[in-house]
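K.L.:
Number of protein chains: 2
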Amino acid sequence: MKLGDLGEFGFIERIRAAAASGEGVCSGIGDDCAVLELPPGHRLLTTKDLLIEGIHFDRAWIDSRCLGRKSVSVNVSDIAAMGGRPRHLYLGLGVPNDFSVEQLQLFMDGFLEAVSEYGAFLVGGDTCRSPGPLLISVTAEGSVPAGREICRAGASVGQDIYVSGTLGDSALALSRLGAGMSVDPWLASRHHDPTARVALGQALAEKGLAAAMIDVSDGLLADLGHILKASAVGALLEERQLPLSKAFRAVLEQDLQQMQLALSGGEDYELLFTASPERRAELDVLARSLDLSLTRIGIVTSAGDGLRLRHVDGHVRHADSRGFNHFANSGHTNPQQ
Amino acid sequence: MKLGDLGEFGFIERIRAAAASGEGVCSGIGDDCAVLELPPGHRLLTTKDLLIEGIHFDRAWIDSRCLGRKSVSVNVSDIAAMGGRPRHLYLGLGVPNDFSVEQLQLFMDGFLEAVSEYGAFLVGGDTCRSPGPLLISVTAEGSVPAGREICRAGASVGQDIYVSGTLGDSALALSRLGAGMSVDPWLASRHHDPTARVALGQALAEKGLAAAMIDVSDGLLADLGHILKASAVGALLEERQLPLSKAFRAVLEQDLQQMQLALSGGEDYELLFTASPERRAELDVLARSLDLSLTRIGIVTSAGDGLRLRHVDGHVRHADSRGFNHFANSGHTNPQQ
Numbered sequence: 010m011k012l013g014d015l016g017e018f019g020f021i022e023r024i025r026a027a028a029a030s031g032e033g034v035c036s037g038i039g040d041d042c043a044v045l046e047l048p049p050g051h052r053l054l055t056t057k058d059l060l061i062e063g064i065h066f067d068r069a070w071i072d073s074r075c076l077g078r079k080s081v082s083v084n085v086s087d088i089a090a091m092g093g094r095p096r097h098l099y100l101g102l103g104v105p106n107d108f109s110v111e112q113l114q115l116f117m118d119g120f121l122e123a124v125s126e127y128g129a130f131l132v133g134g135d136t137c138r139s140p141g142p143l144l145i146s147v148t149a150e151g152s153v154p155a156g157r158e159i160c161r162a163g164a165s166v167g168q169d170i171y172v173s174g175t176l177g178d179s180a181l182a183l184s185r186l187g188a189g190m191s192v193d194p195w196l197a198s199r200h201h202d203p204t205a206r207v208a209l210g211q212a213l214a215e216k217g218l219a220a221a222m223i224d225v226s227d228g229l230l231a232d233l234g235h236i237l238k239a240s241a242v243g244a245l246l247e248e249r250q251l252p253l254s255k256a257f258r259a260v261l262e263q264d265l266q267q268m269q270l271a272l273s274g275g276e277d278y279e280l281l282f283t284a285s286p287e288r289r290a291e292l293d294v295l296a297r298s299l300d301l302s303l304t305r306i307g308i309v310t311s312a313g314d315g316l317r318l319r320h321v322d323g324h325v326r327h328a329d330s331r332g333f334n335h336f337a338n339s340g341h342t343n344p345q346q
Numbered sequence: 010m011k012l013g014d015l016g017e018f019g020f021i022e023r024i025r026a027a028a029a030s031g032e033g034v035c036s037g038i039g040d041d042c043a044v045l046e047l048p049p050g051h052r053l054l055t056t057k058d059l060l061i062e063g064i065h066f067d068r069a070w071i072d073s074r075c076l077g078r079k080s081v082s083v084n085v086s087d088i089a090a091m092g093g094r095p096r097h098l099y100l101g102l103g104v105p106n107d108f109s110v111e112q113l114q115l116f117m118d119g120f121l122e123a124v125s126e127y128g129a130f131l132v133g134g135d136t137c138r139s140p141g142p143l144l145i146s147v148t149a150e151g152s153v154p155a156g157r158e159i160c161r162a163g164a165s166v167g168q169d170i171y172v173s174g175t176l177g178d179s180a181l182a183l184s185r186l187g188a189g190m191s192v193d194p195w196l197a198s199r200h201h202d203p204t205a206r207v208a209l210g211q212a213l214a215e216k217g218l219a220a221a222m223i224d225v226s227d228g229l230l231a232d233l234g235h236i237l238k239a240s241a242v243g244a245l246l247e248e249r250q251l252p253l254s255k256a257f258r259a260v261l262e263q264d265l266q267q268m269q270l271a272l273s274g275g276e277d278y279e280l281l282f283t284a285s286p287e288r289r290a291e292l293d294v295l296a297r298s299l300d301l302s303l304t305r306i307g308i309v310t311s312a313g314d315g316l317r318l319r320h321v322d323g324h325v326r327h328a329d330s331r332g333f334n335h336f337a338n339s340g341h342t343n344p345q346q
C-alpha cells in the first residue's frame, strides 16, 4: 500500500492492523506481495471489478461509507456466485483532490466493515492520487472445494430456474434517485448497500444443489442469457413468479411498466441458479434455514427455444437481454407453448 | 470481461483464446471468477498495481505496446521479489474516448506478449469506459513453495547486500525524455520496457540464497530502507560499487550529480537482496548461469547505524530514502567508520 503520497492519516495503521492476521494469511500488507495459503484440496477463485466515478456511481447519490461497503459486496458476490468462500480482498484507490480525508475514512470504515462481515481480510492494494474521477479497483480471492465450483455452463434441459431474494429493487431505487424522487430507506439500501449471498452460494456448492449459477448484476434477463449461452440451452421464465418486494409492488401498482426493472434493471446481487426438480424439497429446507427466499421462476428448455417469458397476461414472448420489449425472433408466440 | 461497451473488437476473442488454457487454470475468462489450482505445498502470492495516466505514465512518452508490456512487468516484478513464479494476470482497463481501437490493440498485443514471456496467463479482468485518464489496474498471482518466500524482514547484521543488473537507467531515461533530450534506444527501453527478474527470484528462493528481498521500484535507497525497517537493521552502501550501465556512465562523466538517479531514481525493477557472506561463491555461479550481473554493494549493519553511504571520495554520510543530500542524523561521519 503506497498511501504515503496522500499524506498521513490514522487509517493507514488501521488498515495494517485490520490486515495483520487471519486464517490462511501468512503475510498481508507490508511486503511486495501478500502471502497466502488455501486449505488443501481447495481451488482459488479470483475476481476483479473496476468502479469509476461517473460511470459506475455518482458521489452525490451514495455516501462514502456505503460506497466502501458496496465495493466489497459486488466483488464478494462474484465469489458467492461460484459457491466460494471469500478470503482475501485487495483495494486499489485513485483519490481525487476534492475527496476529503473524512470521506476517505468513511470509505475505509465501510470497506473494512464489509470485509469483516464476509469473514474475509484486506491483505493488499495500492493507493495514489487521481487526476480525474474517484477510482476503485477491488480484487477478491476466495476458495471452493475442488470440483464443487458452480459455473455458468452446468444448466441442462428440464432443470428449474431459481433466484434468491427479490428483483428490481436496486434499479427502482436508482431510477427514483435519478429522477430526484424520494426513496424508501429499505429500497435505497438495496441499491447502495447490497448483500452478497455468500452463505447461500456456499451451501449450494457444498450440497451440490445448483447445476449452473451467476449473480444478477446486469439484470435477470442478461445474466440468465449468460447461463443459457454458456450451457447451450434455452429457458422459459414465468413473469408471474418473479419475486418482488412490497416496496417494488407498491410502485408497480401505479405503473406496470416498472416490471421492466425486475427483468433488466441489474445490480440485484441475488443468485440465479438452475437445479434438478428432484432437489426441490432440499432447496425449500435450505431457504428456510437461511431465512432467504428461493423462488422458482422458470425452467430450462432446449437451445432452439431461446429465452422466452410468459407474461402475466399469459402471452409467451421471446426476450433478449434488454427486456421483453425487444423481440429476438418471432415476437408474439402462442401462450400455450 | 465486460468489453461490450467498447464496441466489437477482434481482440476480445484473442483475449479469450489467450486465456483459455494453461497449467493450473481450471476456468479463465467467461465466468464470475477465474477458477485456479496451485501446486500442492505452494503458497499464493498476490500483488496489485494501479497505473493512472498523468500520475504514473504519459501517453506522449510511451507507446501503447510498451505500456501493455510494462503493466505486466511491474506487477510480475513484485512476484519475482518474493521468489515466486508468476501464474495468473487480471487486467482492469478504463479506456478514455480518445484512446483508439488501434492503440487498444497495441496495448493488448504488448500485454499478452509479456504475460506469455513470463509463462503466465491472462485469466480475468474488467474493462469499461473512463471519463478521464487511461486507467490500468493489474492484479498478478504467483506461487512459491511454502516457506520459501523471501520477505523484507529477513535481513540480519553481517549479511551482504546485492543488486541485480544496473541502477539508474530508467530514471535517467525519464529525466532526459522530460527535458526533451534524445535518449539512446537501450536506455529508453530500460524505462519503457523493464524486465522483471523472475528467473533470479525463483532461483534465490529455491536455493535459499537470499535472506531478504525487494524489487527496486521506488529507488535503491527507498527500497533498501523498506528492508532495513522491516528487518530492524542498518546498512552501509558503497557508492563506488553501484552497478552502472555504459550509457549511464557516459552521462555521469558529464555531470556527477546524475549519480542521484542511481540512488533514488526508481523504476529499475532490479532485485535488491541480502545474503550470508558464506553464499558468495554460489551467488557467483548463479549470476553466470543466468547471464545477469549480481553486484555486492554493501553490508547489513546494526539498526542504530541507520542507512549510510560511503561516497566515492571516501566520506561516509547518512542517507535517507530521498538520497544522500538529505542527512538523516549527523551528516558527515568519519570515512573509516
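Protein chains in written order, with this note's numbering: chain A, 10 to 346; chain B, 10 to 346.
Just so you know, even glycine gets a beta-carbon here, dropped at the ideal spot from N, CA and C.
Would you mind telling me which residues of chain A sit closer than 9 Å to residue 140/B, beta carbon to beta carbon, in chain order?
P.N.:
Per Cβ cutoff of 9 Å: 61, 62, 63, 64, 141 and 142.
K.L.:
Given a limit of 8 Å on CB to CB distance, which residues of the region 44-58 of chain B reach chain A?
P.N.:
If the cut-off is 8 Å between Cβ atoms, the region 44-58 of chain B has 44, 45, 46, 47, 49, 52, 53, 54, 55, 56, 57 and 58 near chain A.
K.L.:
Please go through the region 245-318 of chain B and give each complete beta strand (DSSP E) segment of 3 or more residues, from N-terminal end onward.
P.N.:
Counting whole runs of 3 or more residues, the region 245-318 of chain B contains the beta strand (DSSP E) stretches 280-284 and 303-310.
K.L.:
Using the C-alpha atoms, what's the distance from residue 306/A back to residue 230/A?
P.N.:
One C-alpha to the other measures close to 12 Å.
K.L.:
For residue 287/A, collect the residues of the same chain with a Cβ closer than 6 Å to its Cβ; drop the 5 residues on either side in sequence, then sort them by chain order.
P.N.:
Excluding residues within five positions, none has a Cβ falling inside 6 Å.
K.L.:
What residue does the alpha helix (DSSP H) around residue 105/A start on, and which one ends it?
P.N.:
Element bounds for residue 105/A: n/a, residue is neither H nor E.
K.L.:
Please classify residue 213/B as buried or exposed, where buried requires at least 16 neighbouring CB atoms within 10 angstroms.
P.N.:
The residue is buried, with at least 16 neighbouring Cβ atoms inside 10 Å.
K.L.:
In the region 106-185 of chain A, which residue ranges form an unbroken alpha helix (DSSP H) of at least 4 residues, counting only runs that do not cross its ends?
P.N.:
Those alpha helix (DSSP H) runs which fall completely within the region 106-185 of chain A and span 4+ residues are 110-126.
K.L.:
Can you tell me whether residue 259/A is buried or exposed? The criterion is at least 16 other CB atoms within 10 Å of its CB, across all chains shown.
P.N.:
With fewer than 16 Cβ atoms within 10 Å of its Cβ, residue 259/A is classed as exposed.
K.L.:
Taking C-beta to C-beta, are residue 134/A and residue 99/A nearer than 8 Å?
P.N.:
It is a contact, given that the beta carbons lie within the stated cut-off.
K.L.:
Under 9 Å between beta-carbons, which chain A residues line up against residue 90/B? List them in chain order, please.
P.N.:
By Cβ distance, chain A contributes 40, 41 and 42.
K.L.:
What is the DSSP secondary structure of residue 201/B, reduced to helix, strand or coil?
P.N.:
It is helical.
K.L.:
Helix, strand or coil: which one does DSSP assign to residue 216/B?
P.N.:
Three-state result, residue 216/B: coil.
K.L.:
To the nearest angstrom, how far is the alpha carbon of residue 110/A from that of residue 88/A?
P.N.:
Cα-Cα distance, rounded: 31 Å.
K.L.:
Can you name the residues of chain A whose CB is closer than 8 Å to the CB of residue 107/B?
P.N.:
What residue 107/B touches in chain A: nothing, since even the nearest Cβ is about 13 Å away.
K.L.:
List the endpoints of the continuous beta strand (DSSP E) containing residue 78/A.
P.N.:
First-last for residue 78/A: 73-89, but that is the alpha helix (DSSP H), not the beta strand (DSSP E).
K.L.:
Suppose you measure from the CA of residue 239/B to the CA of residue 209/B; what does that come to, to the nearest Å?
P.N.:
Taking the straight line from one Cα to the other gives about 22 Å.
K.L.:
Would you kindly work out how many angstroms separate the C-alpha atoms of residue 148/A and residue 125/A, rounded to a whole number?
P.N.:
Their backbone Cα atoms lie some 15 Å apart in a straight line.
K.L.:
Would residue 309/A pass as a contact of residue 256/A if the rule is Cβ separation under 8 Å?
P.N.:
Not closer than 8 Å, so no.
K.L.:
Does any residue of chain B have a CB that is nearer than 8 Å to the CB of residue 135/A?
P.N.:
By this cut-off, residue 135/A is an interface position.
K.L.:
For residue 327/B, list the residues DSSP reports as bridge partners.
P.N.:
Paired residue(s): 317/B.
K.L.:
Once DSSP output is grouped into helix, strand and coil, what is the label at residue 48/B?
P.N.:
Of the three classes helix, strand and coil, the one that applies to residue 48/B here is coil, per DSSP.
K.L.:
Tell me the rounded alpha-carbon separation between residue 144/A and residue 101/A.
P.N.:
Going by the C-alpha atoms only, they are around 8 Å apart.
K.L.:
Go to residue 224/A, then tell me how far its beta strand (DSSP E) extends in each direction, as first and last residue.
P.N.:
It spans 221-224 - the beta strand (DSSP E) in which residue 224/A sits, taken as one unbroken run.
K.L.:
Return the residue from the list 138/B, 234/B and 275/B that minimises the CA-CA distance to residue 226/B.
P.N.:
Closest by alpha carbon: 275/B.
K.L.:
So residue 35/A contacts chain B; which residues on that side make the cut at Cβ distance below 7 Å?
P.N.:
52, listed in chain order.
K.L.:
Comparing C-alpha positions only, which one of 70/B, 43/B and 80/B sits nearest to residue 58/B?
P.N.:
Of 70/B, 43/B and 80/B, the residue nearest in Cα terms is 80/B.
K.L.:
Around the C-beta of residue 233/B, are 16 or more other C-beta atoms found within 10 angstroms, so that it is buried, or is it exposed?
P.N.:
Residue 233/B is buried by the Cβ-count criterion.
K.L.:
Since residue 316/B and residue 326/B should fall inside the 8 Å C-beta cutoff, what is the C-beta to C-beta distance between them, to a whole number of angstroms?
P.N.:
Actually they are not in contact, since the Cβ atoms of residue 316/B and residue 326/B sit about 10 Å apart, beyond 8 Å.
K.L.:
Going by other Cβ atoms of all chains shown within 10 Å of its Cβ, with 16 needed for buried, is residue 335/B buried or exposed?
P.N.:
With a pLDDT of 33 at residue 335/B, under the threshold of 50, the predicted position of this residue should be treated as unreliable, though the coordinate-derived value follows. Residue 335/B should be labelled exposed.
K.L.:
Counting only beta-carbon separations shorter than 8 Å, does residue 184/A have a partner in chain B?
P.N.:
By this cut-off, residue 184/A is not an interface position.
K.L.:
Give the residues of chain B in contact with residue 148/A, contact being defined as C-beta atoms less than 7 Å apart.
P.N.:
By Cβ distance, chain B contributes 57, 99 and 148.
K.L.:
What residues from chain B crowd round residue 239/A, counting only those whose CB sits closer than 9 Å?
P.N.:
The answer, in chain order, is 39 and 40.
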